[in-house]
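Presented below is the structure to which this report refers.
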Amino acid sequence: MLAESPRPRHPAPMDARQNLLRFAADRGESLTSLSCKIGRNVAYLQQFVARGSPRRLPEEERRMLAITLNVDERLLGARDPWTPAR
Numbered sequence: 014m015l016a017e018s019p020r021p022r023h024p025a026p027m028d029a030r031q032n033l034l035r036f037a038a039d040r041g042e043s044l045t046s047l048s049c050k051i052g053r054n055v056a057y058l059q060q061f062v063a064r065g066s067p068r069r070l071p072e073e074e075r076r077m078l079a080i081t082l083n084v085d086e087r088l089l090g091a092r093d094p095w096t097p098a099r
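Just so we're aligned: the sequence shown equals residues 14 to 99 in our numbering.
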C-alpha cells in the first residue's frame, strides 16, 4: 500500500500575518499604504497584524494584496481549494 503524500496545509492566521509583514517589507511597502490600496482605513492591516482583527482577511482584500505583493494568495491565509481524493 502506498502512503499518500500529505496535502499542504493552509497557513495558520499567525503565519499569514507574519508573511504579510515580510512581503510588505521586502517590497518597501508599509501596512498603511497597503491598507489604502485595498480601500480600507490606514490602520486596517496594522490592526490585522497586531490585534488579530479581523481574524481572517476577506477573500477580495486578500486577493488584492496577493496581486499587489505578487505572492501566492495561500501565503496570506487563503485555504487550499477542495480536490477529490485520488
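Virtual Cβ for every residue (Gly too), placed ideally from N, Cα, C.
For the structure I just gave you, are there three or more beta carbon pairs, one from the region 40-55 and one from the region 80-95, closer than 8 Å?
The region 40-55 vs the region 80-95: in contact.
Using alpha carbons as the reference points, say which of Gly65, Arg64, Arg69 and Arg75 lies closest to Leu47.
When each option's Cα is compared against that of Leu47, the closest is Arg75.
As an exercise, report each continuous alpha helix (DSSP H) stretch of at least 4 residues that is fully enclosed by the region 46-85, in chain order.
57-63 and 72-82
Please go through the same chain and pick out, in chain order, the residues whose beta-carbon is closer than 6 Å to the beta-carbon of Ala29, but skip the five residues on each side of it.
Leu89 and Gly90
Identify which residue in Cys49, Arg92 and Ala98 has its Cα closest to the Cα of Glu72.
Arg92
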